[in-house]
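Protein chains: 4
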Amino acid sequence: MDVGVIGMGPMGGAMARSLLRAGHKVTVFNRTRARAEALQADGATVAPSAAEAAARDAVITMLATDEAVENMVFGADGVLAGLAKGGIHISGSTISLDLAKRLEEAHGGLGQGFIAAPVLGRPPAAEAGKLFVMAGGDAALIERVRPVLEALGQRLFVVGDRPYKASLVKLSCNFMIFSTIEQMAEIFALNQKGGVDRATLYEVLTESLFGAPVHKNYGRIILDEAYDPPGALLGLGAKDNRLILEAGEGLAVPLPFASILRDRFLASEAVGDGGLDFCAIAKRAAADAGL
Amino acid sequence: MDVGVIGMGPMGGAMARSLLRAGHKVTVFNRTRARAEALQADGATVAPSAAEAAARDAVITMLATDEAVENMVFGADGVLAGLAKGGIHISGSTISLDLAKRLEEAHGGLGQGFIAAPVLGRPPAAEAGKLFVMAGGDAALIERVRPVLEALGQRLFVVGDRPYKASLVKLSCNFMIFSTIEQMAEIFALNQKGGVDRATLYEVLTESLFGAPVHKNYGRIILDEAYDPPGALLGLGAKDNRLILEAGEGLAVPLPFASILRDRFLASEAVGDGGLDFCAIAKRAAADAGL
Amino acid sequence: MDVGVIGMGPMGGAMARSLLRAGHKVTVFNRTRARAEALQADGATVAPSAAEAAARDAVITMLATDEAVENMVFGADGVLAGLAKGGIHISGSTISLDLAKRLEEAHGGLGQGFIAAPVLGRPPAAEAGKLFVMAGGDAALIERVRPVLEALGQRLFVVGDRPYKASLVKLSCNFMIFSTIEQMAEIFALNQKGGVDRATLYEVLTESLFGAPVHKNYGRIILDEAYDPPGALLGLGAKDNRLILEAGEGLAVPLPFASILRDRFLASEAVGDGGLDFCAIAKRAAADAGL
Amino acid sequence: MDVGVIGMGPMGGAMARSLLRAGHKVTVFNRTRARAEALQADGATVAPSAAEAAARDAVITMLATDEAVENMVFGADGVLAGLAKGGIHISGSTISLDLAKRLEEAHGGLGQGFIAAPVLGRPPAAEAGKLFVMAGGDAALIERVRPVLEALGQRLFVVGDRPYKASLVKLSCNFMIFSTIEQMAEIFALNQKGGVDRATLYEVLTESLFGAPVHKNYGRIILDEAYDPPGALLGLGAKDNRLILEAGEGLAVPLPFASILRDRFLASEAVGDGGLDFCAIAKRAAADAGL
């Protein structure tokens, strides 16, 4: 297909390369042009504006925050202006339920399609085409872009008939990640003070009932205290945790674990750990234990 | 080896059978004698007292609470009285760190050995010899009973040189289970209110980054609301969660997730769910969401 | 002084009457005109628009939410348009720190003054002129409207040189109220289950170390379960608690008690108590105790 | 009356002096005899054993922990042995509900009376006879020692017909104190980071709706960070908070605020603040805010 990709951060860049490898025609746009040009060697065309990148069968946005998506979509020379009637906007980043609903309405009003297809996985997984893609939106729209969605990752889940539902599932996965970090942080601190070797605990966990990638990957980072350079910024984790709390607020669902995480993220930022990997929230459990 | 097993609940009975299958000579004792006699068909001998069951190379206790272990060990005709000098008491159930330390001291004072080897897994895993065994204590003692420990499960982890460390690791695993239940309970409630099918969420989770047995097994119980008949009683879960909080208290380690779980267990008991499976704490997150 | 008052809810109406009693010239505006006209008997003039009400020495806004204030200030025929250069906008309701900053900037840019002077107290206190007023903003501005601020309540506190600081102090007071409700809700439930008469507990508390108005007034409501009709809506309490959490977010300050309250408010709304008095969050502690 | 007082810490000593001032005949005992002898100048007689001190109309125990009370009551030459049939043991310190029940049963079995009459207030209040006394137990017993109870403080509350109920009410008061400290700690941190003077906030609080002794006294300590020397040890606060959590456990009442406090106490001990005044748990909210 003829696809635009907007946002050439580590995730967006990797996703564009996955599409190129799968044989799609890819046009990229990035606010800082140099980052887009880096994709030319892989076969991508660089568009001069978001609107131009969006003037295809489909366009993927892969941007860090709701605000960035709003600017890129609703702004002058934005996605809304460039996408043809019948074109499909695929939101690949993690956005709020509210924004998903507003995008659905705005695109629908112009005869354009909108689906949310946030991805699960960090940049190395994106490079390897190993992302998990969770798509929400009109089933017919999803079918039309299925070749694109499948090229992005190892597995495509269709999670609902409305885009916001994909946001909800993705945020839920992120919540699972954050709360698993906190789980392990608490018992790592406890066992360390109790004289149990942390590496032994990690081994017992990951080779018994707790051997999912979430345990192995994030547990390893905590074990090695490998928070710098960050794989994903603590500030971005804080943003996603805020979005899950907002989702709970909107749906009247108390989320006590997410509230604990909120305080971990805030305390991390307060003591100056905002520039570390988001796994560094584990340092708070250790600090509270006097470690 | 010549081994006694004390406590013929679903776990103890299954463990005795595993030992018999592995060729060990097994003598069993249970306060309610009929339960012990049920093992005779499998080849076990029934002892008339705990002391008699303990008069072997090694004796395993598999009892529900600290109090039950104390009574069986320190009481008249108990383990302490029956075990020969050089004999080894293996505590297979989940006991407090304090009791582990007291047992270590009491047995040591009599020239007996004591190791803690709590097991991870529910009765069906015990029957299938699929338990995980985490042993703590003097390395030489552990080596002497290794054939017994290995017969109990699929994998033996040696987690430390003191028995209480095995208690700590086992309690940590239980905490991982309880807090994973709460994680999933929160997002199941959130997604349900958001219109996302719970079965879809379960599939996305378990087939992406969250596919460990803890996710699959306990998530399935929550998904199916299969809380009755209980696999493990909510009251026993509450007891283990109390032990992990006590461990945190003793080591000065705050455990905010365990505190949330405490309130879930207490509220479950308060509303009359104490006789259900411990996964039923998930009902609290749903109730708080008005479901 | 010549003062406008915008927003004739129970609080705004009472404040307008206090100003009239103190001899000020009062012009009122309310979106639903009938509510404004009810003040004519007390001597107020009814303005046809917010702009007209604002065309005085000073104008007070007393509106339920940030959104309502924004509409009334920035909208067509709004406060910004009507206030003369040198006129002063006094925000009497509880607004977010962000809005306080935006209003300060917007008014300042037009040569108008802005101070935040949120009030503490419920409608009966407002009618009796017994409110507490906490003013933030430029000291010279506050002095100019001091006769107005003093007429509103029994005590004026100047809490800082910027308007948002008054929002922060007021939200802190609301947090004190909400968390005192939760304190008492927890021990009322505990003592009731322990067989201690709740009225006895209330007496012990309020006649020993815990005899502040916050204890007596809100404790009495909980004791009597007098949640309907509401003195102040649970939904408004939820809004203020959200604002305090947002303030914590903006300043990187974890607020664990406020997070507990968040879940109380959400659960209350989820089970259908949103239309009760905000003290009804106390029902959650009782429900969790099986009462 | 002829009264024994056991435990000559700052509280017990002050209480003995109050009794002497009120004209009672007072015999004191303390494990470290010198502390008892210090009371001789005030007119007290020193007993050589707890049993001897208890051989009066009534005997008051004022000891720091459950364990200390148990040793002094059940031990050789203890209260139980010394108290005559018909004599009354008054437990003045804060004990667990369980111990209150066990003491009631033990004394009752010997034809002795037992009431719990824990006191609210710190040593200076005790010296000034300004304690609040909350008595639980058989009404006739309470009447018999009313002159003693009234001499101890400014106000006697009879809170229930069983001794454990007085423990429950007293622990509830302590919970109110601890959670008020946390309330204020959170908003002091928030306002400080928001640029509001803490002393201004303290003034607004205590001169508006939050002017109870609990606010003024403990707020002042937090404001001045006057944690050393301690008025009451953080470790003792931790003990009382543990007792309130145990009461919640026993009665199946979740207490989320008390769980937050638990983590504050543990973190305080973990970072080395265990020897400060218990108000120093407020340092944790500040530390989490990066202050």
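Protein chains in written order, with this note's numbering: chain A, 36 to 326; chain B, 36 to 326; chain C, 36 to 326; chain D, 36 to 326. From the three backbone atoms N, C-alpha and C, an ideal C-beta is built for every residue, glycine too.
Query: Should D312(C) be labelled buried (16 or more other beta-carbon atoms within 10 Å of its own) or exposed?; Result: buried
Query: Pick helix, strand or coil for G144(D), following the three-state DSSP scheme.; Result: helix
Query: Buried or exposed: D327(C), going by 16 or more other Cβ atoms within 10 Å of its Cβ?; Result: Since the first residue shown for chain C is 36 and the last is 326, residue 327(C) is missing from the structure and cannot be characterised.
Query: Going by CA-CA distance only, name the one from D112(B), A324(B), D173(B), G110(B) that's closest to I222(B).; Result: A324(B)
Query: Between the Cα of L187(A) and those of T100(A), D92(A), P248(A), A49(A), spot the shortest distance and give me the residue it belongs to.; Result: A49(A)
Query: Where do the ends of the beta strand (DSSP E) carrying R189(A) lie?; Result: In the sequence on display, residue 189(A) carries Gln and not Arg. That run of the beta strand (DSSP E) goes 188-195.
Query: Going along chain B, which residues have a C-beta under 7 Å from A287(D)?; Result: L301, E304, A305
Query: Using the beta-carbon count (16 or more within 10 Å), is R299(D) buried or exposed?; Result: buried
Query: Which of helix, strand or coil does DSSP assign to T100(D)?; Result: coil
Query: Check whether the stretch 228-235 of chain A touches the stretch 177-186 of chain A, taking contact to mean three or more Cβ pairs, one atom from each stretch, closer than 8 Å.; Result: no
Query: Determine, using beta carbons only, whether D196(C) comes closer than 8 Å to chain B.; Result: no
Query: For a cutoff of 8 Å on Cβ pairs, would you count E284(B) as touching chain D?; Result: yes
Query: Any idea what DSSP makes of H59(B), helix, strand or coil?; Result: coil
Query: Using beta-carbon positions only, say whether I125(C) and A82(C) come within less than 8 Å of one another.; Result: no
Query: Are the C-beta atoms of S53(A) and some chain C residue less than 8 Å apart?; Result: no
Query: Can you check whether the C-beta of D37(D) is within less than 8 Å of a C-beta belonging to chain B?; Result: no
Query: May I ask you to list the residues that DSSP assigns as paired with L155(B)?; Result: F167(B)
Query: Could you spell out the range, first to last residue, of the beta strand (DSSP E) harbouring I123(C)?; Result: 123-126
Query: Quick one: give me the first and last residue of the beta strand (DSSP E) that V40(A) is part of.; Result: 37-41
Query: Mapping DSSP to helix, strand and coil, what is V94(A)?; Result: strand
Query: Step through the CB atoms of chain B and report whether any lies within less than 8 Å of the CB of D312(C).; Result: no
Query: Can you check whether the C-beta of R137(D) is within less than 8 Å of a C-beta belonging to chain B?; Result: no
Query: For F149(B), write down the residues that DSSP places opposite it in a beta bridge.; Result: H124(B)
Query: What do you get for G143(B), buried or exposed, if any count of 16 or more other CB atoms within 10 angstroms of its CB means buried?; Result: exposed
Query: So which residues of chain C does S294(A) contact, with C-beta pairs closer than 7 Å?; Result: S294, R297, D298
Query: Are the beta-carbon atoms of V63(B) and A71(B) separated by less than 8 Å?; Result: yes
Query: So what's T80(D) in DSSP terms, helix, strand or just coil?; Result: strand
Query: Quick one: is A111(A) buried, meaning 16 or more other Cβ sit within 10 Å of its Cβ, or exposed?; Result: exposed
Query: Listed from N- to C-terminal order along the chain, which residues in the stretch 148-173 of chain A have their beta-carbon within a distance smaller than 7 Å of any beta-carbon of chain B?; Result: L155, F167, M169
Query: Establish whether the CB of S131(A) and some CB of chain B are separated by less than 8 Å.; Result: no
Query: Where does F300(A) fall in DSSP's three states?; Result: helix
Query: Under DSSP, the alpha helix (DSSP H) around R255(D) begins and ends at which residues?; Result: 248-259
Query: Using a Cβ-Cβ cutoff of less than 8 Å, which residues in the same chain neighbour P158(C) once the five nearest sequence positions on both sides are dropped?; Result: P45, M46, A49, G266
Query: So, using beta-carbon positions, are G127(C) and P153(C) closer together than 8 Å?; Result: yes
Query: Quick one: measure Cβ to Cβ for A224(B) and A320(B), integer angstroms, because I've assumed they're closer than 8 Å.; Result: 5 Å
Query: What does a CB cutoff of less than 6 Å around G39(C) pick up in its chain, not counting 5 residues either side in sequence?; Result: T62, A88, A89, R91, V94
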